[in-house]
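Below is one structure; the comments refer to it alone.
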Amino acid sequence: MGSSILDIATSALRVTQNALDTTAQNIANVNTEGYSRQRVQSSARQPQFTGAGFFGTGVQTTSVRRAYDQFLTGQLRNASSNFSEVDSFQRLTSQIDNLVADPDAGMASAMENFFNAVHDVASDPTSIPARQTLITEGQTLADRFNTLDARLKNMGEQVRQDMQNTIGEINSLATELANLNGKIAYEQGKAQGRPPNDLLDQRDRLVLRIAEKIDVTPVFQDSGAVSVFIGNGQQLVSDAHANRLGLKPGDTDPKALEITLDDGTSTLTITSAVSGGELGGLVRFRDETLAPAENKLGQLAAGLAVTFNQVHESGYDLDGNTGLSFFDLQSPQIPVFQEGTGTVVANYDAANISELQASDYRLDYDGGNYTLTRLSDNTQTSISTFPYIQDGIEINVTTPPTGSASFLIRPTADAAGKIGVGLTDPRRIAAAENDTAAGAVGDNGNALKLAAMEGEQTMLGGNATFQDTYGRLVAEVGSQTRSAKISRGALETLKQQALEARESVSGVNLDEEAANLIKFQQTYQAAAQVVSVASQTFDTLLNAVRR
Amino acid sequence: MRLSTFMIQQSGVKSMLDQQSRLNQTQLQLASGKRILTPADDPIGAARALDLREESRKYGQYQDNITVARSRLSMEEATLSGMTDILQRVRELAVRANNSATLKAEDKASIAREVRQALGELVGLANSKNANGEYLFSGSNSHTQPYPDSPTAAEGYYKYQGNDSTRLLQIGPSRRIADGDPGNRIFESVVTATLQPDTITDGGATRPEVQTIPITRLTAGSDYELKVGALTLATGPLDADPTLGEIVTALQANPAYGSAPFTLSEGTGADSGKLVITWNANGNVTDIARMEKRDNTFSFIDQFAQALEGTLTGSVIEDSLYALDNAMENINATRASVGARLNALEQQFQLNEQFVLEMEKNLSGIQDLDYTEAISRFNLQQVGLQAAQQAFIKVQNLSLFNFLR
């Protein structure tokens with residue numbers, strides 16, 4: 000009997016110590032991200048039967064559990080993934096937004112100054128300073144196109160770099176998770192199914208961090224390990240094995256990187272399946288904002304250059320020569336990338352330049368037929384005769400390919416980077432409408448036509464002026480940024496709410512821990528008191544016997 | 000709801016950050032005076048603002064063009080006004096030359112000297128240049144002197160070297176105006192004499208009618224225009240004192256001559272020195288032929304001086320008043336047109352200015368900041384941030400551990 004009270008008291012001391020340890024662990028991890036508070040679970044020990052009935056034998060620690068809700072954790076993971084996507088999208092888009100509207104870098108003021116200079120030549124066709132100013136303003140305009148294009152291309156480079164880094168991080172996180180999976184399965188087996196709480200927290204934290212980079216679907220197994228799927232069902236992590244993501248140059252355009260998944264036996268291209276997370280945001284920005292902005296800027300540059308040249312070439316310069324090209328778009332005007340043999344040449348078609356679209360085109364040859372696909376909306380046209388004219392460009396096959404081939408034609412992607420001023424001699428500006436050979440140098444007919452072009456709707460199928468075209472680009476980038484900002488705000492709130500919900504279950508509250516500390520301290524003191532009483536009782540008995 | 004310590008701290012920090020970013024946005028707006036900082040703040044407004052700025056800039060350019068046109072037209076007006084004054088003086092001299100029947104040779108010579116002086120001044124003014132070094136009156140051949148300083152040897156008169164074109168300047172979205180007039184429209188084709196038939200031979204019912212016009216003055220640069228009813232045949236300025244034969248050939252070279260109801264020939268014998276007009280058909284001819292001699296102002300004054308100096312015969316002195324009046328009338332017509340254009344420029348300037356003002360107002364409405372609203376918003380946000388900071392400090396001090404001692 001006497002040993003029983005001591006036994007019960009000691010078991011209480013042991014369990015309470017466990018509880019105090021756990022409370023200390025909770026307090027220690029109050030600032031650890033992803034930590035779930037732990038609780039000691041205890042139960043009364045097996046009772047002892049006597050003739051009088053069952054007597055309790057004390058308390059035992061059954062397990063240590065973490066406060067955890069799988070649904071809330073999943074919600075947080077989804078919210079984080081969505082937020083990271085729109086966050087990186089918004090961060091990049093607002094850079095373009097600032098760029099296009101910046102009065103020092105944007106196109107609007109350069110176009111204004113350029114056409115002002117044209118007007119000044121119209122007012123003073125024989126003035127060499129006015130003509131020189133026009134050339135200089137033309138160069139400034141071309142420069143502005145070049146700079147803006149270079150900044151956009153730079154951002155493309157930044158996006159490629161970011162994609163590379165993100166994929167590197169995903170790969171190292173996946174490897175870490177695969178290792179952890181192995182460890183958890185081993186530890187949980189060793190503990191006969193009792194959960195290795197801190198490892199599980201680490202596991203959830205890793206899945207969350209992968210989800211911030213790319214949208215994932217985790218599948219939890221009884222062993223405690225987790226399998227992670229990305230895209231539309233490609234396996235990134237299975238148990239203790241991790242597959243690797245990679246980047247490879249695009250088939251036709253080497254600068255357009257594709258995302259690949261290598262599972263050890265084959266390499267899949269999964270770019271179109273990637274969504275969510277930072278990587279999803281980067282891909283979305285590249286395809287939905289950056290490429291269209293580059294194309295629209297190029298559309299404006301090419302449209303302006305070709306239209307302006309057309310009028311300029313119809314006039315006469317100060318010395319009675321017919322006008323040359325004012326703007327220079329370099330040769331070949333339109334870059335063509337190819338896979339397979341053959342030669343395709345593409346040029347702008349001045350007569351239909353207003354039809355020019357901000358899009359890339361792909362010309363496919365299957366060995367017998369040519370098919371042209373406009374990539375912005377995937378419109379397909381079969382072509383039988385060349386040269387073929389569509390959307391303000393003229394495509395010609397100068398050497399037919401042998402066997403199937405594919406050509407990527409990019410009329411607008413690089414135009415803003417290539418535009419320059421072809422004239423250097425101010426006397427070469429064709430301000431006159433009629434031949435100036437007879438001395439009619441004061442003729443300003445052509446300059447008037449050139450100046451009037453700024454108000455003419457020569458772009459977007461004859462529906463917009465140059466300035467309108469740029470205005471549309473600004474408005475489009477602006478509304479994309481705006482909607483990204485709004486959804487970023489909304490998703491941030493969702494993420495915050497998901498975090499709050501998870502924290503309300505799993506988070507450590509110091510006041511609560513302080514209260515527990517007091518509670519367990521008191522329990523410990525009480526149990527210690529019982530030991531003391533047991534000792535005194537025992538002493539009483541000993542003293543009685545000694546007498 | 001149960002709150003974790005992390006969450007309490009984090010949401011406090013977050014609310015402070017939010018307040019800070021709102022305050023920062025307002026601060027940027029206040030510093031720039033703009034409501035729209037980037038297109039994302041108001042995409043439609045930003046695009047409209049671009050449009051309006053461009054539009055108002057375009058009107059600014061029209062105003063610049065108006066200033067240029069105004070200065071050029073004012074200069075033209077001043078030059079023409081100077082020429083009118085000089086022509087007036089020449090006319091006074093012509094009156095003197097005509098009135099005194101008994102003018103001595105030396106008097107005529109002194110008048111001639113004055114006339115030559117005036118002619119030099121007139122040609123000088125006709126060859127005026129604008130600030131850019133372009134000749135005012137040579138059309139678009141603006142680097143070519145419109146009139147030689149003295150009659151050229153080959154042509155023998157002040158031959159116009161410019162062309163017949165005007166330069167238009169854009170002064171409104173759909174309005175262009177000429178910034179000058181070519182000299183040929185101002186100084187050329189002045190009617191200096193009208194020659195009538197001296198004999199009209201009525202053909203009666205059987206013979207064709209014949210009219211003869213004596214051509215007394217054959218001078219270089221003159222344009223002879225034969226007018227019969229609605230029909231006009233012109234020679235165009237003929238170089239180097241033409242002969243009557245040359246005039247007849249030039250008149251016959253006119254395309255309209257082919258369908259004319261008469262033939263032209265150079266008179267012989269008694270009709271020597273006369274233009275003979277012979278109708279093809281028999282019958283009653285009601286049209287009386289008339290020959291206009293036209294010269295440019297400078298060539299005529301040169302002829303006038305020559306007549307005073309006695310080197311040119313004919314009725315130049317008698318015709319001079321009529322000719323000078325016509326010359327002045329030509330110039331005055333141009334001056335009236337210049338005046339009308341200056342008026343039009345003024346009106347267009349006002350119109351453009353009003354338009355710019357209207358657009359600036361719209362632009363300001365779209366992009367400019369309402370300071371009253373922004374400042375009160377700024378104050379409110381400032382108070383909000385301070386409150387968030389104080390609340391954070393207070394909440395952070397609340398902990399049960401403070402009481403565990």
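Chains as they are written, first to last, in numbering that gives the first Met the number 0: chain H, 0 to 546; chain D, 0 to 404. Each residue gets a CB set at the ideal place from its N, CA and C atoms; glycine is no exception.
Is residue i buried or exposed, if buried means 16 or more other CB atoms sit within 10 Å of its CB?
i        : result
D/LEU405 : In this structure chain D extends from 0 to 404, so residue 405 of chain D is not present and cannot be described.
D/ILE392 : exposed
D/TYR419 : This structure cannot settle anything about residue 419 of chain D, because the visible part of chain D is limited to 0 through 404.
D/LEU403 : exposed
D/GLN60  : buried
H/VAL396 : buried
H/ARG76  : buried
H/GLY1   : For H/GLY1, the predicted model reports a pLDDT of 47, less than 50, meaning its position is unreliable; a value from the coordinates is still stated below. Exposed.
D/ALA326 : buried
D/GLN349 : exposed
D/PRO145 : buried
D/GLN385 : exposed
H/LYS247 : exposed
D/ARG52  : buried
D/ILE170 : buried
Can you list the residues of chain H that residue i reaches, using a CB-CB cut of under 9 Å?
i        : result
D/MET0   : GLU499, ALA500 and SER503
D/GLN210 : The premise fails here: D/GLN210 is roughly 40 Å from chain H at the closest Cβ pair, so nothing lies under 9 Å.
D/SER70  : Neighbours of D/SER70 on chain H: none; closest Cβ ~11 Å, over 9 Å.
D/ILE43  : ALA474, GLY477 and SER478
Can you list the residues of chain H that residue i reaches, using a CB-CB cut of under 8 Å?
i        : result
D/MET6   : LEU498, GLU499, GLU502, SER503 and GLY506
D/THR37  : SER93, ASP96, ASN97, ALA100, GLY477 and THR480
D/SER363 : Residues of chain H passing the Cβ test: none, with the nearest at roughly 16 Å.
D/ILE176 : Residues of chain H passing the Cβ test: none, with the nearest at roughly 12 Å.
D/ASP50  : GLN466, ASP467 and GLY470
D/VAL67  : SER122 and ASP123
Under 7 Å Cβ-Cβ, which residues of chain H neighbour residue i?
i        : result
D/GLU133 : THR125 and GLY441
D/ASN64  : HIS118 and SER122
D/GLU53  : ALA107, GLU111 and GLN466
D/GLN60  : ASN115 and HIS118
Since residue i and residue j are thought to touch, with beta carbons under 8 Å apart, how far apart are those beta carbons, to the nearest angstrom?
i        : j        : result
D/SER139 : D/ARG166 : 6 Å
D/THR25  : D/GLN380 : 6 Å
D/ASN183 : D/GLY161 : 7 Å
H/GLY416 : H/ALA149 : 7 Å
H/ALA472 : H/VAL99  : Here the sequence assigns Leu to residue 472 of chain H, which means Ala is not the residue at that position. Yes, H/LEU472 and H/VAL99 are in contact; Cβ-Cβ is about 6 Å, under 8 Å.
Using a C-beta to C-beta distance shorter than 8 Å, which residues of chain D count as neighbours of residue i?
i        : result
H/ARG471 : ALA46
H/LEU509 : THR4, SER398, LEU399 and PHE400
H/GLY454 : LYS57 and PRO172
Taking the Cβ atom as the reference point for each residue, do residue i and residue j lie within a distance shorter than 9 Å?
i        : j        : result
D/ALA45  : H/ALA483 : no
D/ALA96  : D/GLY309 : no
H/ALA109 : H/ASP119 : no
H/ARG64  : H/ARG44  : no
H/TYR387 : H/ARG373 : no
H/ALA404 : H/TYR364 : yes
H/ALA436 : H/ALA446 : no
D/MET82  : D/LEU118 : no
H/GLY230 : H/VAL282 : no
H/ALA255 : H/GLY223 : no
H/PRO291 : H/ALA357 : yes
D/THR277 : D/PRO207 : yes
What in chain D is Cβ-close to residue i, meaning under 9 Å?
i       : result
H/VAL29 : SER3, THR4 and PHE5
Residues in the stretch 38-66 of chain H having any Cβ partner in chain D nearer than 7 Å
none
Short-range partners of chain H found in the stretch 139-173 of chain D, where Cβ spacing is below 9 Å
From the stretch 139-173 of chain D, only SER139, ASN140, SER141, HIS142, THR143, GLN160, GLY161, ASN162, SER164, ARG166, LEU167, LEU168, GLN169 and PRO172 have a Cβ closer than 9 Å to chain H.
Taking Cβ-Cβ distances below 9 Å as the criterion, which residues of the stretch 382-399 of chain D are in contact with chain C?
Note that chain C does not occur in the displayed structure, where the protein chains are H and D.
To be precise: take each residue of the stretch 71-94 of chain H, compare its Cβ to all Cβ atoms of chain D, and keep it if any distance is under 7 Å. Which residues remain?
SER93
Just by C-beta distance, which residues in the stretch 511-541 of chain H are closer than 9 Å to chain D?
GLU511, GLU512, ALA513, ALA514, LEU516 and ILE517
Using a Cβ-Cβ cut-off of less than 9 Å, give me the residues of the stretch 411-444 of chain H that come near chain D, in sequence order.
Against chain D - using a Cβ distance shorter than 9 Å - the residues of the stretch 411-444 of chain H are ALA431, ASN433, THR435, ALA437, GLY438, ALA439, VAL440, GLY441, ASP442, ASN443 and GLY444.
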